[in-house]
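Student: Protein chains in written order, with this note's numbering: chain A, 1 to 236; chain B, 1001 to 1236; chain C, 2001 to 2236; chain D, 3001 to 3236; chain E, 4001 to 4236; chain F, 5001 to 5236; chain G, 6001 to 6236; chain H, 7001 to 7236.
Here a beta-carbon is modelled for each residue, glycine too, at the ideal position from N, C-alpha and C.
Pasting a structure here, questions to come.
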């Protein structure tokens, strides 16, 4: 079974973002193998969409090395990067129910050493909840906007805040919300300029995109960037 | 061909709303027949989705009796009801491109003798355009909100204005806007309480719904309402 | 966790409709926090889509303050508005199985002090069940029509009754009923004039829309309406 | 190019229904070839979905043998079966715009020698138009109900009339009507018992189904039915 | 709760088909009430989509009056009509897994006193299984063809057998079979003439349609048919 | 504009299949540039989905070098491979209208020097048209089955013929045929074992797949196959 | 119940592929009957999509004859064909989570006596994992590529490897992955020439298609192929 | 008509991005009005999705002020920002046919004074075309990847290049490509970390997002950013 897993250990060198393990569709055996590979290669590892039941099924020794957060269903295997500086990323939600996805984004950022500013339950049905906090959002390099149902919040934010706005549609809602499909399409069809979108419930992906922005902004990908020639050689 | 058309002449008596003719899918012969029926029964008639080509194809005498508006593609056949009182319905659009659908609603109201307040191009990408006019919208019994693309405006309005808010999604947009489907679903999944929705591009239907509100508010459907016992007899 | 919840306490002042708590996607901790906020602010609160399991998971003291109805899955937290006058809203269903959604609408109205007229199982497969009760429906300001499967009842009612007709599609049915999508689309494409529609299974939303109609009808939004200038200031 | 066409000449013997030519997707050359085959085999032929442009493109001699009807876009090539007896099939439409599809059904029946009863524009928005004609519909063996938009009429008819009810959804409508998809799904999800459905705009198919009913009813498929043993031999 | 249920007791008189109870979406209380109504009115009743758990939840006395079949999930409450004559309807399946839906059709027919011919597992992947039994199928007035996955069998049968062919798509399959949607659409788009279709998994509806055919064939709806004038009076 | 085009000249060496030009979405300038590249590199080129209008818009000199076939909308630019041996691939269609797509497959094969066996109009509504030709189909290494509407033919063929069966759904049909989507899904959900599928109307792709089969069969990809090590070097 | 099952015992003779039992939608009784038929006819049998619960529900004697593999959910009932020669088929996956579907393909091949080359977790997010193994893939007659989520791997492989490339989309992923629909459509729309596709999660079908390729390559279907004339006779 | 247009003149101050005019759904009168507003306010204006016919319909004086590019369908009304520095954004396409959308992105960047690096026709079917240019892509702050059909290129790039990767799905393709829907969903479901996506064919939006990245990177939104307090006041 060991052969089922092949970690992409050069990902951080290539992209400035380490590989993470999407736990949900994996068996206990597959998860265990992946973490053994990480141990052997002396890597810390982020686990996403890890259910409490999956966590409980892992061998005691392995489970003991995982710092788990139930709301976000994420686990930190091994030490994380120490955070530095003040937050340049905000993670905000339309409703309380969107917190789980937002916290996946926050945990992904934390694992890589990034602080973030967090705000909840500021959906457009009560617009004052957003406008009273615009002063905090406007200086941010990135605002991750997590919203289900109608998905109107990302558009409103993208019309008011100049940073990179990343919409994360969530599967919160019922009926025509269709597991996030409506929020997704609403953000993609936004009338606000330059709003970008990731998959439904993909807090992890939004955080990775935020890190790409942060990496690109500082010094044009120098430290995080692989030497392309190098990698090209490796591809061959 | 005459037998193809049967006007619902008792509709106004039953519902307080006269029948209108959806012209788009009809042949010239069918339109002509319908207008002959109206003439014989001494009725004025609203035509919707009437293309300039269809208009041109009608016999001269018939065409001369139609007051046509190209933007809304509506025609008034015969005299209209004289307007009275100050507007209790507003019709507003997210973008300039939504004007055609909005004007179908406005013309439907005008045909029945209702003034309305009209505002354009106040979409949420520039939120100030909406908020600076809230004073005008708040006293309205009904606000018809016409919006394509993301369909975020109806939700924002429904969170700020207490009247009956009717969303009319439009087919304006491209890609995932999918001919209005996204705007429709976004409004249906709205987080704002009590937003109601009609079919895509259905300015006519929104105006009819507004008239039902106006009728119900004045004196509980008394004048516009048929005697149900009466009608029940007729059904038999 | 307290920061996850921010009640929109000015909603009733703005819209004439108080905020409610959509319980379904919320954790016990989030529900508890929300109800604490309500207590602190001395508000009653309507809870919707609250499962028996969620109810059972709440602290005893909190649970004791909730008047729960299992069919509608709604809870009243705190005292409700005393009803006055005779019903101006009817809530009717096509089939017995649509009762759960209908009762969500009825409970939402009851929480705000509105009586309603209730009728069940009068779908169009046996049309006499509807026609024999038209006398009761025709004077209503609003008729909420709850129907799954083919969704034909709202169209038939909207052709016979002059009030505001609000279709609530339900997820009752199987196969092509597709969790209410067919009933939804059928009502939106209705050939009857002025039928309006809310989200699938959204009895709460239909009731809110009905209250907007009642509020708009009496005295043009005066008491329920915020001063827009006031609110505009607050938005800033 | 002749090899592109292979008529199913034994179809009438097998099924009691002759093959017809779906003209729409065919080139002039392919149509000409098919009609030559018919001539050689001494068969009359029904052409469906034949556009005026296609008709005009045919060789003069061929075109002269076609009795064309523009509304239904059908052509009779060669003599038709003489009608006998009183109508046992009714073809009815919800709106005037559904006439084109209804007339395809009527022409298909006429080509095979069947009279039918035709009614138009009796949709449920004005229910009295249907109920006043129930006496004529109830004795029919088959009622073909042609309806677009919401597709509510077939359900209402199937709740009132005991014959075989065949719904033909049409592409009439706009927005969520989605080219007949909504009418189709509404009829399939019908709460009325035993309603059957054919493809959108498929008047031809509905007529064929009606003929299967008529054939099965008279004397259990005796004259129209092939000897199955016979055919089985042919299949091998 | 009693008021939630209103049986359509005149259905058999109108349509020749008695009302049945779709049990699946109903609560125990609602089922019990419905059966009490039946008892009071001295009617037998067919229950469809009745789960073993629902059956077990009924009061002992009620449950004892139900003859239950687990494969079809149907129950007979009260005596059934005694069967007469030889079968004029066949019910056939493409695969063994389609048996549950087929047996719903067979039980519906049996409840009304109709024998039927039953064949299983004769899908087109092994075409000989169908062709060797054509002699039995060809004399049938109606063939109900139950098939999931690709839904090819109804088309093949409709090309070989002259009776009324009713396709019942089933939700058997996975992936693109999409809970029967593919089988449904394939049958609706059939190249075979006159194939009619009912909702996915709707064995009950197919049986009702078959009974409409049988009723129409014998003596033009005379005994089963209401007097339309009569009923029209009742509608009023 | 020249920089818009970069031919994949090593494709034949890598895959045994030369690059072709999908003309449809390209401008005249882009087509001209591509053919200039081909000339410079001394390559023949297959053009697919090339409309007569596009052909006419090309410079005379270029157009003169193209052997064009209107039915398939394909062009041969430069000399083709001379055919050898007897056909090992059959291309068959359900209906005459599917010929255009079938001929795209045949022309793609011809361009690469492969004969094929061609049969038309043998759809399952008249099953004898298929069964009488099974002797010819059974020895084929590959059978490309082109079918629109219900898409039943590929399944029936895959149950009778042992070769590689490639379904090509076509956009022939109307209503629920939905531009080939139904035929596509029906073939993917097939109950026959090992049926493979390509995109709707993709005769070109089916022919390429057939060539992969032929190449793999002869001598395990030796002549057509690149040296993988070689190519790996090139990737780097 | 025995009559519910009819094995297609001549399938191997016709197609070179034996019938298998899709266990998932079958009851214990139906599975038992099918295996009894196999025993009586002295056939081994492959069971697919057989859950551990289904296995456990079988009679002890039957269960004892099944060699079960939990990851692939397949069972071998009776002896399998002994493998010979070196692998000519590779089965590769984009991610570890795709292993279950891949192993269904591998087990299907193993049951019929085919070795295969297996590779896992070589998705395009870390492209080097694929390119470093191209030397092994290039000589293969068939490469089965199993991938969920974006479904990009089959396209990349089909651009690099000359054999027959069969994409098996999997339901791995969340949100817009929509149970494999996105991976499916991406492979069907591939820009790489000659990629063929099977149903979502259909490892069994991909293996059958691979066997058709292997059979066709060796000696043009001679040994595996029925005599078509023979079979034609049988069809009759 | 003038009242139909209300420019969002403070957008650049708020967001660092000036408003543009989506020309496609606008009438000549509406376009003319919008450009008059721009003239009065002394603004340059970008027009997108402006057809040659629309351009030709404008008054001569207006048309003369527009620098038009046909491939991208964009117009520059008034002077543009002078470009400075070396490119930090790359715009690349999978195929030649994706150039139109790519050039909309390039023109949007050029209008705002940003150079960009442009590459075409480097889709994954010939992977070497991408890998040989990785050295140029890796230092980029943003890579806009324009791709239709399968949409595999953005995923492959996002696995190799560390900058912000913005996928622009295009409507290039046919059949299951479904006007860009498949490319869109494939990019959203990407297995590569941090890929972000905009609407189908939305080159303009991708360029705006790129500008947000560039703005955020330099000095945290200082110059381009409004004072949020300021704007908040204006919202009120």
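Measuring straight from C-alpha to C-alpha, what distance separates residue 6202 of chain G and residue 35 of chain A?
Tutor: Between residue 6202 of chain G and residue 35 of chain A, the C-alpha separation is close to 29 Å.
Student: Quick check on this structure: which residue in F:5189, F:5023, F:5184, F:5174 has the alpha carbon closest to the alpha carbon of residue 7097 of chain H?
Tutor: Per the Cα distances, F:5023.
Student: For residue 4194 of chain E, would you say it is in contact with chain D, using Cβ-to-Cβ distances shorter than 9 Å as the test?
Tutor: Interface residue, yes.
Student: For a minimum of 3 consecutive residues, which ranges assigned as the beta strand (DSSP E) are wholly contained in the region 3035–3059 of chain D?
Tutor: Runs found: 3045–3048.
Student: What first and last residue would you give for the alpha helix (DSSP H) that runs through residue 6135 of chain G?
Tutor: First-last of the alpha helix (DSSP H) with residue 6135 of chain G: 6134–6137.
Student: Comparing alpha-carbon positions, which option in E:4130, E:4140, E:4050 lies nearest residue 4088 of chain E?
Tutor: The shortest Cα separation from residue 4088 of chain E among E:4130, E:4140, E:4050 belongs to E:4140.
Student: Span of the beta strand (DSSP E) holding residue 1144 of chain B?
Tutor: 1142–1147 is the extent of the beta strand (DSSP E) around residue 1144 of chain B.
Student: With which residues is residue 4075 of chain E paired in a DSSP beta bridge?
Tutor: In DSSP, residue 4075 of chain E forms a bridge with E:4047, E:4068.
Student: Residues in the same chain with beta-carbon distance under 8 Å from residue 5051 of chain F, minus the five sequence neighbours each way, listed in chain order, please.
Tutor: 5023, 5024, 5073.
Student: Determine whether the Cβ of residue 160 of chain A lies closer than 9 Å to any Cβ atom of chain B.
Tutor: Answer yes: the Cβ-Cβ gap between residue 160 of chain A and chain B drops below 9 Å somewhere.
Student: What number of angstroms, rounded off, separates the C-alpha of residue 6006 of chain G from the C-alpha of residue 6021 of chain G?
Tutor: So the two alpha carbons sit approximately 11 Å from each other.
Student: To the nearest angstrom, how far is the alpha carbon of residue 1157 of chain B from that of residue 1165 of chain B?
Tutor: Rounded to whole angstroms, residue 1157 of chain B to residue 1165 of chain B spans 8 Å at the Cα level.
Student: Considering just the uninterrupted stretch of the alpha helix (DSSP H) at residue 5108 of chain F, what are its terminal residues?
Tutor: Note, residue 5108 of chain F: alpha helix (DSSP H), 5099–5111.
Student: Could you pull out every residue in the same chain whose Cβ sits closer than 7 Å to the Cβ of residue 2171 of chain C, ignoring the five residues on either side in sequence?
Tutor: Answer for residue 2171 of chain C: 2148, 2179, 2180, 2200, 2201, listed in chain order.
Student: For residue 5123 of chain F versus residue 5095 of chain F, is the C-beta spacing smaller than 9 Å?
Tutor: Yes, the pair counts as a contact, with Cβ atoms nearer than the cut-off.
Student: Taking the alpha-carbon of residue 2111 of chain C as reference, which of C:2119, C:2082, C:2121 has the nearest alpha-carbon?
Tutor: Closest by alpha carbon: C:2082.
Student: Got a sec: which bits of the region 6104–6134 of chain G sit with their beta carbon under 7 Å from any beta carbon on chain A, in order along the chain?
Tutor: From the region 6104–6134 of chain G, only 6120, 6121, 6122, 6125, 6126, 6127, 6128, 6129, 6131 have a Cβ closer than 7 Å to chain A.
Student: Between residue 7019 of chain H and chain B, is there a C-beta pair that is closer than 9 Å?
Tutor: Answer yes: the Cβ-Cβ gap between residue 7019 of chain H and chain B drops below 9 Å somewhere.
Student: Please give the ranges of any beta strand (DSSP E) in the region 2153–2205 of chain C, keeping only runs that are unbroken, at least 3 residues long and fully inside the region.
Tutor: For the region 2153–2205 of chain C, whole beta strand (DSSP E) runs of length 3 or above, ordered along the chain, are 2164–2169.
Student: Under 8 Å by Cβ, that's how I've got residue 6196 of chain G and residue 6205 of chain G pegged, so tell me the actual separation to the nearest angstrom.
Tutor: Going by Cβ atoms, the distance from residue 6196 of chain G to residue 6205 of chain G rounds to 11 Å, so no, they are not a contact pair.
Student: Could you check whether residue 5047 of chain F and residue 5031 of chain F sit closer than 9 Å to each other, using their CB atoms as the reference points?
Tutor: In contact: residue 5031 of chain F and residue 5047 of chain F (Cβ atoms closer than 9 Å).
Student: Give the residues from the region 7158–7184 of chain H that approach chain F closer than 7 Å (Cβ to any Cβ), ordered along the chain.
Tutor: Residues 7172, 7174, 7175, 7176.
Student: Does the separation of the CB atoms of residue 6066 of chain G and residue 6137 of chain G fall below 9 Å?
Tutor: Contact flag unset, no.
Student: Kindly list the residues whose CB is nearer than 7 Å to the CB of residue 4077 of chain E, restricted to its own chain and excluding five residues on each side of it in sequence; keep chain order.
Tutor: Excluding residues within five positions, the ones whose Cβ falls inside 7 Å are 4035, 4038, 4044, 4045, 4047, 4065, 4066.
Student: May I ask you to list, following chain order, the residues of the region 1085–1099 of chain B that have a beta carbon less than 7 Å from some beta carbon of chain H?
Tutor: Listed by position, the residues of the region 1085–1099 of chain B near chain H (Cβ gap below 7 Å) are 1096, 1097, 1099.
Student: Using a Cβ-Cβ cutoff of less than 7 Å, which residues in the same chain neighbour residue 62 of chain A once the five nearest sequence positions on both sides are dropped?
Tutor: These residues qualify, in order along the chain: 32, 35.
Student: Can you check whether the CB of residue 3109 of chain D is closer than 9 Å to the CB of residue 3130 of chain D?
Tutor: Contact: no.
Student: Using alpha carbons as the reference points, say which of F:5099, F:5114, F:5003 lies closest to residue 5017 of chain F.
Tutor: It is F:5114 whose Cα lies nearest to the Cα of residue 5017 of chain F.
Student: If you follow the alpha helix (DSSP H) that residue 3131 of chain D is part of, which residue opens it and which one closes it?
Tutor: Segment 3128–3131, the alpha helix (DSSP H) holding residue 3131 of chain D.
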